[in-house]
Amino acid sequence: MSYQVNEKGYYGDFGGAYIPEMLYPNVEELRTQYLDIMNDPSFKEEFDQLLKDYVGRPSPLYFAKRLSEKHNTKVYLKREDLNHTGAHKVNNTIGQILVAKKLGKNRIIAETGAGQHGVATATVCALMGIQCVVYMGEIDIKRQAPNVARMKMLGAEVRPAKSGSKTLKDATNEAIRDWINNPVDTHYIIGSAIGPHPYPDMVTRFQSVISEEIKWQLKEKEGRENPDYVVACIGGGSNAAGTYYHFLDEPSVGIIAVEAAGKGVDSGESAATSQLGKEGIIHGCKTLLMQTADGQITEPYSISAGLDYPGVGPLHSHLYRTGRGEFYSVTDDDAMAAGLELSQLEGIIPAIETSHALAIFNDKKFKPEDVVVISLSGRGDKDLNTYIDYFRL
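For the sequence shown, position 62 (counting from the first letter as 1) is numbered 64 according to our numbering, and the numbering increases by one without interruption.
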C-alpha cells in the first residue's frame, strides 16, 4: 500500500481538489508546475541555503534525559521550536514564497490559527519584499496577541474573520474568498497539509526536511536511522506530515498522531477528528471532518489555537483509515500538565500544540529500549498568557 499522493491528488480515499470553477486556473497552474519548480537545482539550492542560513537548520535532535528517565524509555525531541520564528511553519513558507516568485506572483495571502503560520508567512514576505495579507479569526487575534503584533511589525496586514466560530476554519474561508477575487497576482500560502491538491503534497514535501534530518541525526546518536516511534500533534497536520514523511513506508516505525480532545471527546467541545469525523469536504479536499448528521461542519474546540480545526489533512485521514497511524486524543488538562512537565524536567517551554504530543505517555506505554522521537513543533512564548491563566502563575 502506498502512503504517497497519487497523480489525481488522492491518498487512498482522501484528497482531491474540490474547488469553485473560478479557482481552477490558480490551482491548475500550481499543480502542473510545483514538482518541476521544486526539482529544479537552482530552486533546491536557494531553498537549502535559506533553511541553513536564515531558518537555522538543521534543528537539533535532543535526547531528553530527565523526561526519558521519568517515562522509562528513550525520548528524543526534534527541536523545531529553535527555528527562526519559533516553529516548524517557516520550512513551508520559505518553500512556498520561492514557488510564488517562480510563478510571478507579487501578493501573498495566508490564514492562521495560532499565529505561527501567519508570522512565518509575514517573515518570508518581508524577506522577499512581497505584499502580505493574513486572515485570522477574531477570537484567535485576541488569544494570540503577541503573534498579531509580530505580523504587523513585519509589515503584514492582519484581517479579522468575524463569521462562524471566528477561528481558523473561518480565516481559511476568508482567504479562499480573497483568492477567488484576486486570481492573477496572488498566491495563497496554505500552512497545513490540507486544501486542494497539490497543497497537501507540496506542504508535506517542504516539511519533510524534519524526517530527513531525524534519519541522519539518529544514525549519529543511536547507530540506526529509524526510531521505533515518531510522535506529533495534529490539527491540519503539517508538522506531523513532515515528521512522518521518510518513515511512511517503513513498517517498523510506529506512527503516532495526537489530537486535541478539548474538554473531552464526547463533551461537544473537542477537535478529535479521527474519533468524531466522517468523510466530508472542507477547504478543497475530501477528508475526515467533524460534522452534524446533515453535513454541517461542527465547531471545533481546543485550548490550543493551532489544533482548533474540524478536520485533518487527507494524508492523516488515510493513515487513520488504513491503521498505519495510531491516533490518540488528549484533553486540555492533560496537554497543559504535559507542557508544565517538559518545562520543569528539561527547561523547555513548549507550544500548547506540542504539549498534546508530549501527553502521549498517559495513553501509550513504551518499552525501556524503544527510541521515541517527538516533534517539538513550536515554542511556548506565544502561549504564555494561556499558561499564566491556566496555572494562575
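We treat Cβ as the ideally placed atom computed from N, Cα and C, and that holds for glycine.
Check                                                                                                                                                                                           : Outcome
Identify the continuous alpha helix (DSSP H) that holds Lys217 and give its terminal residues.                                                                                                  : 211 to 224
Identify whether Phe368 lies in helix, strand or coil by the three-state DSSP scheme.                                                                                                           : coil
Give me the Cα-Cα distance between Phe45 and Ser269, rounded to the nearest whole angstrom.                                                                                                     : 47 Å
Taking Asn108 and Gln146 to be in contact with their CB atoms under 8 Å, please state how far apart those CB atoms are, rounded to whole angstroms.                                             : Their Cβ separation, rounded to whole angstroms, is 28 Å, which puts Asn108 and Gln146 out of contact at 8 Å.
Within the same chain, show all residues whose beta-carbon is closer than 6 Å to that of Tyr78, passing over the 5 residues directly before and after it, in chain order.                       : Leu63, Phe65, Val375
Could you check whether the segment 267 to 287 touches the segment 321 to 334, counting it as contact only if at least three pairs of C-beta atoms, one from each stretch, sit closer than 8 Å? : yes
With which residues is Pro162 paired in a DSSP beta bridge?                                                                                                                                     : Met138
What does DSSP give as the partner residue(s) for Thr356 in the beta ladder?                                                                                                                    : DSSP output for Thr356 lists no bridge partner at all.
Which two residues bound the contiguous alpha helix (DSSP H) that contains Tyr36?                                                                                                               : 26 to 41
Using alpha carbons as the reference points, say which of His358, Asn28, Val121, Gln298 lies closest to Asp310.                                                                                 : His358
Buried or exposed for Thr294, going by 16 or more other Cβ atoms inside 10 Å?                                                                                                                   : exposed
Mind reading off the beta-carbon distance from Ile257 to Gly313? Whole number of angstroms is fine, and I expect it under 8 Å.                                                                  : No, Ile257 and Gly313 are not in contact; Cβ-Cβ is about 19 Å, not under 8 Å.
With a CB to CB cut of under 6 Å and the five nearest residues on each side skipped, what residues in its chain are close to Asp180?                                                            : Ile111
Express the C-alpha separation of Ser194 and Ala19 in angstroms, rounding to a whole number.                                                                                                    : 15 Å
Could you tell me the distance, in whole angstroms, from the CA atom of Leu25 to the CA atom of Asp334?                                                                                         : 37 Å
In this structure, what does DSSP give as the bridge partners for His189?                                                                                                                       : Ile110
Report yes if the CB atom of Phe329 is closer than 7 Å to the CB atom of Ala259, and no otherwise.                                                                                              : yes
Tell me whether Tyr78 sits in a helix, a strand or coil according to DSSP, three-state version.                                                                                                 : strand
So, does the segment 200 to 210 touch the segment 147 to 160, judging by three or more C-beta pairs under 8 Å?                                                                                  : no
On the DSSP bridge list, what partners appear for Thr333?                                                                                                                                       : Gly264
Using the Cα positions of Arg161 and Thr114, report the straight-line distance between them to the nearest angstrom.                                                                            : 11 Å
Counting pairs of Cβ atoms below 8 Å between the segment 86 to 94 and the segment 377 to 391, do you hit three or more?                                                                         : yes
Is any beta-carbon of chain D found at less than 7 Å from that of Ala242?                                                                                                                       : The chain labelled as chain D is not found in the depicted structure, where only one protein chain is given.
Inspect the beta-carbon positions of Ile196 and His86 and report whether they are closer than 7 Å.                                                                                              : no
Measuring only the C-alpha atoms, how far is Pro302 from Gln209?                                                                                                                                : 25 Å
DSSP three-state call for Arg323: helix, strand or coil?                                                                                                                                        : helix
How should Ile141 be labelled, buried or exposed, when 16 other C-beta atoms within 10 angstroms of its C-beta is the threshold for buried?                                                     : buried
To the nearest angstrom, how far is it from the Cα of Lys366 to the Cα of Leu342?                                                                                                               : 19 Å
In terms of DSSP beta bridges, what is Thr289 paired with?                                                                                                                                      : Gly282
Could you spell out the range, first to last residue, of the beta strand (DSSP E) harbouring Ser70?                                                                                             : Looking at the DSSP string, Ser70 is not in any beta strand (DSSP E); the run it does join, the alpha helix (DSSP H), is 67 to 73.
Is the beta carbon of Thr95 closer than 7 Å to that of Val126?                                                                                                                                  : yes
For the alpha helix (DSSP H) containing Ser240, list its first residue and its last residue.                                                                                                    : 240 to 246
To the nearest angstrom, how far is the alpha carbon of Thr188 from that of Gln35?                                                                                                              : 16 Å
Which of the three DSSP states, helix, strand or coil, is assigned to Ile258?                                                                                                                   : strand
Drop a sphere of 10 angstroms on the beta-carbon of Ser254, count the other beta-carbons inside from all chains shown, and report buried for 16 or more, exposed for fewer.                     : exposed
Leu291 and Ala243 - do their beta-carbons sit closer together than 7 Å?                                                                                                                         : no
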